[in-house]
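Chains as they are written, first to last, in the numbering used here: chain A, 1180 to 1588; chain B, 1180 to 1588.
Structure, rendered in structure tokens:
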């Protein structure tokens, strides 16, 4: 079974928005073991849209169309689909009720053109849209399957997971799919791929690599008659990956470095303080992106100037003079100062050169010192040299600092 | 002249990466006044890639292919293009020199397969790639124009600006293009569009809206025989926009709220300190994303716990008890405490409920208080109620805080 994705909207062709839907739908289809052969984007133009839909129905078993379901005159996905498939466009009673109740619930008054969203090509079924006005559509055309989903990512995502994927799983034949994402820190994407190269060739389970800034992921997916059987197929592959590169795994599925670190702190009843120079607040920002982080994160300092390092964290000005602000000694003093002033269980510090200016031959752009201090324990420091833009260096440095807290716990 | 963009790579169809190149190339073509009618993504499969290229050459005047120029066996863009156009693939001497010199400069040893990157379809010209190994290609096929550019965004971007756009501008006919982006804060995307609706219909100059989280943009683009003439056409439209909604404009082109605010601080020789609760370090992070921000940003506090608010900023615990941490009184005390402790010229403070938990009927999720204090001046506070996810609320709150500093200067 092969599939293609058609994204509809002139704003895509003008580059006003980036098409993230096609990638997200593709990931979902890959999980289901359905091959995606083409993505197409086309504008709100009935002739070109009809041509793209006709071609898709010729060459693919499953066509997922995203966008163009709204109430405006530019929203012509259903008209084009009706035209291409020779179906009449009719008012769908359940869709009409959905549109009306959506307006009633939000307290807005419904204009007549909003009922366009309740029109469905004959023979089509509606797909529930719990997050928006326009229902989706499923239409079987000969042996082909067309799904129309909204273009708004949050609406698309919910409909994809709740309505499209279950139908596709049923169409694909009996069986269940399970998958697990393994998250890595401290190993590069290509080094990781080299370690598991043979596993990437598997058909069932599949192992797919995904890259991120300063981290890497592998997703293992297995299909079988039951979820239990799929899990039994998946687990040996996960175990083999863990056996080879488990030292770099920091978490699974929706984990992030900051959520894993936060969970560890919360479990141990410990608290965290941060002292940042070159990361400029990003460590604290990422730590506090985790809901509930106020339970363990007490405070942070962004001591950007040397004077701030002295007055806020009690660092000896002579230390800065002797070693420079970007040094092992100052990183350690920052962590110890933060620990002492905050009374937290753990404190982490960063000091480095984020660039693009400020580098020297001895202390180049991208050089960052990290230190972690634990109450009643030791203070440890190490340095890293990162490459990339100022924002890349800040991001990678923040990841390293958060990972340092994770590993010290 | 109409164009289409073909993105090549199986990783796109697996959803492992999002195709940002097509949007970026589309923006560049829109600036040039070239209509993009289709985006297609196709995998590293020679038959499907050839079919997509053949179709593109049938229906479009300009075809821009991104990806598949690298040294591995999966990189087959040039083979497919040669096959579709009936050209032989030959070693290009200048391309060979580029590949060899790139390896020599980086000190890596070149394996034989890297010379595949120097093969060019007969009649093709190479496009310089200052950021990577694989040169791009320009090939004229009948009356059609094919550009092959790398898939790596940084390499693609440089080649697009330096080699592709000048050639397209020449192909499009004589004339120059100038454009200006106007950046807005404090007005919603749809409210902005309503204000300038009639201007969005223009053909030359064009006015195109772009949306961002908590800000909106309009890009005005004009074409004329000379840059001077294009500028004369553009300016009345820019002036008309300024006349209608100029109160919301915070900057132009590559400005950001933080860069504009930073520039104002630097120009006045002023310094900034920040005291954050609900934004958790994001205000400091964004301020310090601007290169050179150490000239005016001295320090920040992330006083997440009430105890931190008391001990770091000297806030009276009774004030927190009486009004709650999310209150006008505490926001003002935070800004004043930060101003006093830091000796900065300006201090800004945020305190609110980022959610998803912690809301009450009186103080719901998304309620945020802001205060700004100026040395020798007054302290001002106001509140906003934001919607969205925890990260959305943090982002919008940080924008509001940075904008508050901008407007007080």
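A virtual CB, placed ideally from N, CA and C, is assigned to each residue, including glycine. Predicted model only: the values in this text are computed from it and were never measured.
Item, Value
"Out of 1185/A, 1477/A, 1585/A and 1192/A, which has the shortest C-alpha to C-alpha gap to residue 1155/B?", "No answer is possible for residue 1155/B: the residues shown for chain B start at 1180 and end at 1588."
"Could you name the residues that DSSP lists as bridge partners for residue 1335/A?", "Beta-bridge pairing links residue 1335/A to no other residue."
"Looking at the C-beta of residue 1383/A, does it have a partner C-beta in chain B at a distance below 8 Å?", "no"
"Using a beta-carbon distance below 8 Å, is residue 1464/B in contact with chain A?", "yes"
"Of all the options 1535/B, 1556/B, 1536/B and 1316/B, which has the alpha carbon lying nearest to the alpha carbon of residue 1514/B?", "1556/B"
"Using the three-state DSSP reduction, which class does residue 1557/A fall into: helix, strand or coil?", "coil"
"I'd like the list of long-range same chain contacts for residue 1471/B, defined as Cβ closer than 8 Å, with 5 residues on each side in sequence excluded.", "1441 and 1445"
"Helix, strand or coil: which one does DSSP assign to residue 1418/A?", "helix"
"Counting along the chain, where does the alpha helix (DSSP H) carrying residue 1464/B start and finish?", "1461 to 1467"
"For residue 1403/A versus residue 1354/A, is the C-beta spacing smaller than 8 Å?", "yes"
"Taking the alpha-carbon of residue 1451/B as reference, which of 1280/B, 1552/B and 1406/B has the nearest alpha-carbon?", "1552/B"
"In chain order, what residues of the stretch 1195 to 1210 of chain A put their CB closer than 9 Å to some CB of chain B?", "1195, 1196, 1197, 1198, 1199, 1201, 1202, 1203, 1204, 1205, 1206, 1207, 1208 and 1209"
"According to DSSP, is residue 1427/A helix, strand or coil?", "helix"
"Is DSSP giving residue 1542/B helix, strand or coil here?", "coil"
"Check whether the Cβ atoms of residue 1592/B and residue 1357/B lie closer than 8 Å to each other.", "With chain B covering 1180 to 1588 only, the question about residue 1592/B has no answer from this structure."
"Listed from N- to C-terminal order along the chain, which residues in the stretch 1548 to 1577 of chain B have their beta-carbon within a distance smaller than 8 Å of any beta-carbon of chain A?", "1569, 1570 and 1573"
"Between the Cα of residue 1202/B and those of 1220/A, 1230/A and 1531/A, spot the shortest distance and give me the residue it belongs to.", "1220/A"
"Determine the chain A residues that contact residue 1470/B at a beta-carbon separation under 8 Å, and present them in chain order.", "1534, 1535, 1536 and 1569"
"For residue 1277/B, does the three-state DSSP call read helix, strand or coil?", "helix"
"Using 8 Å as the cut-off, can you tell me whether the stretch 1288 to 1298 of chain A makes contact with the stretch 1224 to 1238 of chain A, which would need three or more C-beta pairs spanning the two stretches below that distance?", "no"
"Interface residues of chain A around residue 1245/B at Cβ under 9 Å?", "Residues of chain A passing the Cβ test: none, with the nearest at roughly 13 Å."
"Have a look at residue 1371/B and residue 1184/A and give me their C-alpha separation to the nearest angstrom.", "32 Å"
"Taking CB distances under 8 Å as the criterion, tell me whether residue 1515/A reaches chain B.", "no"
"With residue 1386/B as the anchor, note down where its beta strand (DSSP E) starts and where it stops.", "1385 to 1391"
"Just to check my reading of the structure: residue 1578/A and residue 1436/A have Cβ atoms closer than 8 Å, yes? What is that Cβ distance to the nearest angstrom?", "6 Å"
"Can you check which of these residues, 1518/A, 1453/A, 1517/A and 1315/A, is closest to residue 1328/A by C-alpha distance?", "1315/A"
"Check whether the stretch 1580 to 1588 of chain B and the stretch 1515 to 1530 of chain B touch, using three or more Cβ-Cβ pairs below 8 Å as the test.", "yes"
"Is the CB of residue 1476/B under 8 Å away from at least one CB in chain A?", "yes"
"Taking 8 Å as the cut-off, does the stretch 1408 to 1426 of chain A touch the stretch 1480 to 1493 of chain A (at least 3 CB pairs, one atom from each stretch)?", "no"
"Can you tell me the Cβ-Cβ gap for residue 1459/B and residue 1533/A, rounded? I've got them flagged as a contact below 8 Å.", "About 19 Å separates the two Cβ atoms, so there is no contact after all."
"Helix or strand or just coil, what does DSSP make of residue 1292/A?", "helix"
"Using a beta-carbon distance cut-off of less than 8 Å, what residues from the stretch 1369 to 1398 of chain A approach chain B?", "1387, 1388, 1389 and 1390"
"Who are the neighbours of residue 1227/B on chain A, taking C-beta pairs under 8 Å?", "1216 and 1217"
"Identify whether residue 1268/A lies in helix, strand or coil by the three-state DSSP scheme.", "strand"
"If we call anything under 8 Å between Cβ atoms a contact, is residue 1200/A one with residue 1251/A?", "no"
"Where does residue 1520/A fall in DSSP's three states?", "helix"
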